[in-house]
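Under my numbering, the first residue of the sequence shown carries the number 4, and numbering increases by one thereafter. Ideal Cβ placement from N, Cα and C applies to all residues, glycine included. In this text the structure is predicted, and so the values were computed from the model without any measurement. Worksheet: one structure, shown below.
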Amino acid sequence: MNIKSSLICYKNIGLKMLGLTLVALGIVGIMLPVMPTTIFFILALTCFTRSSPALANWLLNHPRYGVTLQQWQAHKVVPTKAKYFAAIGMLVGFILLLNSTAPNWVVYLIAAIEIAVMIYLILRPSHPPKH
């Protein structure tokens with residue numbers, strides 16, 4: 004095996020491992036209300052699209068999240084319900100952060116990140132375009 008094919012093989016293994024880790028985090032997010040789910044599945048889909056068509060197909064055909072992931076992949080759609088859950092989850096997490104002993108710079112950094120994420124989500128369409 005030459006160097007280029009070895010690097011591609013290692014890259015694919017790394018992306019599959021990262022994708023599976025992201026799926027695991029998404030599953031944790033199903034159980035914990037302050038942790039998002041969909042974004043981890045979207046990131047996992049990105050990894051699998053580049054490394055494993057079978058795993059990408061598994062996510063795209065998932066009975067609960069498949070349609071959302073298909074709409075994301077085709078049109079960058081984030082359903083309104085997902086936007087609300089993301090906002091509520093981030094708010095709850097931020098309130099918990101405010102009640103912790105985190106340094107001010109951490110609070111400001113998390114606030115800036117959450118604001119940027121919410122702006123991004125709000126700017127995404129909520130429905131696929133009508134043909």
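Bounds of the alpha helix (DSSP H) holding Val109 are Asn107 to Leu126. Taking every protein chain shown into account, the CB of Trp108 has fewer than 16 other CB atoms within 10 angstroms, so this residue is exposed.
For Tyr13, the uninterrupted alpha helix (DSSP H) run begins and ends at Ile6 to Met34, by DSSP.
With a cut-off of 8 Å on Cβ pairs, the stretch 47-59 is in contact with the stretch 9-25, counting three or more such pairs.
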